[in-house]
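**Q** Supplied in structure tokens, the structure appears directly below.
There are 2 protein chains.
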Amino acid sequence: MLVIKIGGGAAIGEGGYANFAADLAAFQEPFVVVHGGNAEFSELSRKLGMPPRMIESASGRVSRYTDAPTMDAMLMAYCGKVNKRLVATLRDHGINAVGLSAIDGGIAAGRRKPVLRGIEDGKTKVLRDDHAGTLETVDARLVRLLLDNGYQPVLTPPALSPGGVPINIDGDKLALELAVALGADGLLFFSDTPGLLANRADETSLIRDIDASDPAAALAAAAGRMVVKVEAALGAVQHGVGRVIFADGRIEAPVTRALAGAGTTVRTSAVAPASA
Amino acid sequence: MLVIKIGGGAAIGEGGYANFAADLAAFQEPFVVVHGGNAEFSELSRKLGMPPRMIESASGRVSRYTDAPTMDAMLMAYCGKVNKRLVATLRDHGINAVGLSAIDGGIAAGRRKPVLRGIEDGKTKVLRDDHAGTLETVDARLVRLLLDNGYQPVLTPPALSPGGVPINIDGDKLALELAVALGADGLLFFSDTPGLLANRADETSLIRDIDASDPAAALAAAAGRMVVKVEAALGAVQHGVGRVIFADGRIEAPVTRALAGAGTTVRTSAVAPASA
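Line by line, the protein sequences give chains B and L. Residues in the first sequence are numbered from 1 upward in steps of one, following the working numbering. Residues in the second sequence are numbered from 1001 upward in steps of one, following the working numbering.
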């Protein structure tokens, strides 16, 4: 069983969905898709006159401020347009897709941090009613029920927090926790790069393999934003996911090529001792 | 098992969802919710600079023209904002809700009529790429799987047509076909009136009961737009739905009050012969 995360950047649009659909239609193995929607979310927010508000915390972390109308825009972009267009494309290729948010069936829950403090446009701000949140629990029962009955779940943030409030959670984290909960053979992250790059500005600097049995060396080789991704991948492998692949979502046959080694593969290279 | 259609008019907003959630939380019986989203759809379309385009056919039927960007707005309003806000509210009241469009899992399929001819603003028009459609088939397997496993499905248009194209179908029709497919004990339509009115301008002219065993008399009593609703209700009862109720969705405990007789109830009044 594979968990396939399709990034929400502008580079993987509706043409990209068709590439995934054509590729996945030939698959025999069950799979779960988790997708983002950031490009559509930003475009809708801009059209609605709500440009993204970015807040930088004291520690330098940049977050997007999500008030209630912005959460509505997120629901519309992620759960409405992206989820249903992707499901329609997958179904048109013969895949028995079912689109869900992580709110549905209690798939993911977390807590919000309603007050966001930080710097916006050089000024200190205290912004209330933030709908950003942290993923705390994943309940894979609904996803497993669908898989066991021949459906391919297609999931998206947001998740739910107490009081019935949707929260903006990280889609990569959602995919990872689901892969662990389901004991996936593979967790594939597709975005608009060929994989993890030693030099972000150079697409030819692809790192082919990362050995999860030597985490210190793996992390030493990672730089900048890559550290978080490598840490997450190492964690997934430690928790039983067969392998984690970072690969290009802009190309034809993206899943087949990723599984054939075209991206960055993180796995334990140690050969298992032969059984007696 | 009940099928509960919640209309998408402006009068049943998020406050209305809480009324339904509080009422349904006390229910022991399984149920399916089907909802509309027309008020949200119109508001979003207006905000995006795409006001509704209404076309009148030669026979006088008024349709809304739905091109691809308008379909995206429909997906965003119905499947994004309304579906997920409603599911979040239901879940917050302890209901194990799962939100789906009729695209998901092949719940509803139909055909589009891509060319729309008629009068717009007094001029004859031929509009292409229309995403309006006619519901042709309902597949209740996914809905039944969810019900059998303790989930309460929350469904919304659109449906899917060949080629992976979402189509705008009538939500009342979707609810009705599902109720028939599931053999529902009751099909409840909630909108912003107390039920079917003998005089549309007078809310006190409520028709309490319609006897489905005398369809000619039932239709003779109906006038104007009510004819379509009465015909649909009679058809549902003929096809095995226990009773059809048209009731007020703007009040507290809307389901409990509808089942207690507060709206218009369509059913067969004939007493079944005692078994030997």
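All C-beta atoms in this analysis are idealised placements derived from N, C-alpha and C, irrespective of residue type, glycine included.
(1) For L1100 (chain L) versus R1144 (chain L), is the C-beta distance shorter than 8 Å?
(2) Extract the residue ranges of the alpha helix (DSSP H) inside the segment 106-191 of chain B, only unbroken runs of 4 or more that lie entirely within it.
(3) Contact check, A1201 (chain L) vs H1093 (chain L) under 8 Å by CB: the rounded distance?
(4) Does any CB atom of chain B fall closer than 8 Å to the CB of L1145 (chain L)?
(5) With distance defined between alpha-carbon atoms, name the residue in L:V1165, L:A1198, L:V1237 and L:L1086 nearest to R1267 (chain L).
(6) Along chain B, which residues have their Cβ under 8 Å away from the Cβ of V1138 (chain L)?
(7) May I ask which residues mark the beginning and end of the alpha helix (DSSP H) holding T89 (chain B)?
(8) Buried or exposed: which applies to V32 (chain B), given that a residue is buried once 16 or more other Cβ atoms fall within 10 Å of its Cβ?
(9) Whole angstroms is fine: what's the gap from V165 (chain B)'s alpha carbon to H131 (chain B)'s?
(10) Determine, using beta carbons only, whether P1051 (chain L) and R1064 (chain L) come nearer to each other than 8 Å.
(11) Residues of chain B with CB closer than 8 Å to the CB of G1106 (chain L), please, in chain order.
(12) In the DSSP assignment, the beta strand (DSSP E) including T264 (chain B) goes from what residue to what residue?
(13) Does any CB atom of chain B fall closer than 8 Å to the CB of N1149 (chain L)?
(14) Compile a chain-ordered list of the residues in the segment 1067-1082 of chain L whose CB is closer than 8 Å to at least one CB of chain B.
(15) In chain B, which residues lie with their C-beta within 7 Å of the C-beta of V1087 (chain L)?
(16) Would L48 (chain B) pass as an interface residue toward chain L - the criterion being a Cβ-Cβ separation below 8 Å?
(17) What does the alpha-carbon distance come out to for the pair S191 (chain B) and K1173 (chain L)?
(18) Can the beta-carbon of L1127 (chain L) be found less than 8 Å from the beta-carbon of I1207 (chain L)?
(19) With contact counted as at least three CB pairs below 8 Å, one residue from each stretch, are the segment 1033-1041 of chain L and the segment 1251-1270 of chain L in contact?
(20) Is DSSP giving F31 (chain B) helix, strand or coil here?
(21) Does any CB atom of chain L fall closer than 8 Å to the CB of K84 (chain B)?
(22) Go ahead and pull the three-state DSSP assignment for E203 (chain B).
(23) Give a yes or no on whether 8 Å exceeds the smallest Cβ distance from L1188 (chain L) to chain B.
(24) Give every residue of the same chain whose Cβ lies closer than 6 Å to the Cβ of A276 (chain B), excluding the five residues on either side of it in the sequence, and list them in chain order.
**A** So, to answer that:
(1) The residue given as residue 1100 (chain L) occupies position 100 in the second sequence. The residue given as residue 1144 (chain L) occupies position 144 in the second sequence. Their beta carbons are not under 8 Å apart, which means L1100 (chain L) does not touch R1144 (chain L) by this criterion.
(2) 141-148 and 171-182
(3) Here residue 1201 (chain L) refers to the residue found at position 201 when the second sequence is read from its first residue. Here residue 1093 (chain L) refers to the residue found at position 93 when the second sequence is read from its first residue. Not really, about 35 Å apart at Cβ, beyond 8 Å.
(4) Locating residue 1145 (chain L) in the second sequence gives position 145, counting from the first residue. Output row for L1145 (chain L): interface = yes.
(5) In the second sequence, residue 1267 (chain L) corresponds to position 267, counting from 1. Ranking L:V1165, L:A1198, L:V1237 and L:L1086 by Cα distance to R1267 (chain L) puts L:V1237 first.
(6) The residue you call residue 1138 (chain L) lines up with position 138 of the second sequence. Result: empty, since nearest Cβ-Cβ is about 15 Å, beyond 8 Å.
(7) Working through the first sequence from its first residue, we reach residue 89 (chain B) at position 89. Here the alpha helix (DSSP H) through T89 (chain B) covers N83 to D92.
(8) Counting from one through the first sequence, the residue named residue 32 (chain B) turns up at place 32. Buried.
(9) As a working note, residue 165 (chain B) is residue 165 in the first sequence. As a working note, residue 131 (chain B) is residue 131 in the first sequence. Their backbone Cα atoms lie some 8 Å apart in a straight line.
(10) Numbered from its first residue, the second sequence carries residue 1051 (chain L) at position 51. Numbered from its first residue, the second sequence carries residue 1064 (chain L) at position 64. The answer is no: Cβ separation not under 8 Å.
(11) Here the question's residue 1106 (chain L) lines up with position 106 in the second sequence. Under the 8 Å cutoff, chain B gives R91 and N96.
(12) One-based indexing of the first sequence puts residue 264 (chain B) at position 264. T264 to R267 is the span of the beta strand (DSSP E), which, as asked, contains T264 (chain B).
(13) Sequence index remark: in the second sequence, residue 1149 (chain L) carries index 149 (1-based). Closer than 8 Å: yes.
(14) D1072, L1075, M1076, A1077, Y1078, C1079, G1080 and K1081
(15) Taking the first residue of the second sequence as 1, we reach residue 1087 (chain L) at position 87. Near V1087 (chain L) (Cβ distances below 7 Å), the residues of chain B are I103 and D104.
(16) Reading the first sequence from its first residue, position 48 is the one you call residue 48 (chain B). L48 (chain B) counts as touching chain L.
(17) What you label residue 191 (chain B) is simply residue 191 of the first sequence in a count that begins at 1. What you label residue 1173 (chain L) is simply residue 173 of the second sequence in a count that begins at 1. In a straight line, the C-alpha of S191 (chain B) is about 40 Å away from that of K1173 (chain L).
(18) The sequence position of residue 1127 (chain L) within the second sequence is 127, counting from 1. The sequence position of residue 1207 (chain L) within the second sequence is 207, counting from 1. Their beta carbons are not under 8 Å apart, which means L1127 (chain L) does not touch I1207 (chain L) by this criterion.
(19) no
(20) Start at 1 with the first residue of the first sequence, and residue 31 (chain B) comes out as number 31. DSSP places F31 (chain B) in strand when its eight states are reduced to three.
(21) If you number the first sequence from 1, residue 84 (chain B) lands on position 84. K84 (chain B) counts as touching chain L.
(22) In the first sequence, the residue the question calls residue 203 (chain B) occupies position 203. Note: E203 (chain B) maps to coil in three-state DSSP.
(23) Here residue 1188 (chain L) refers to the residue found at position 188 of the second sequence. For L1188 (chain L), the answer is no, since every Cβ of chain B falls outside 8 Å of its Cβ.
(24) For the purposes of this step, residue 276 (chain B) is taken as residue 276 along the first sequence, with counting starting at 1. For A276 (chain B), the predicted structure reports a pLDDT of 39, less than 50, and the residue's modelled location is therefore unreliable. The matter cannot be settled from this model.
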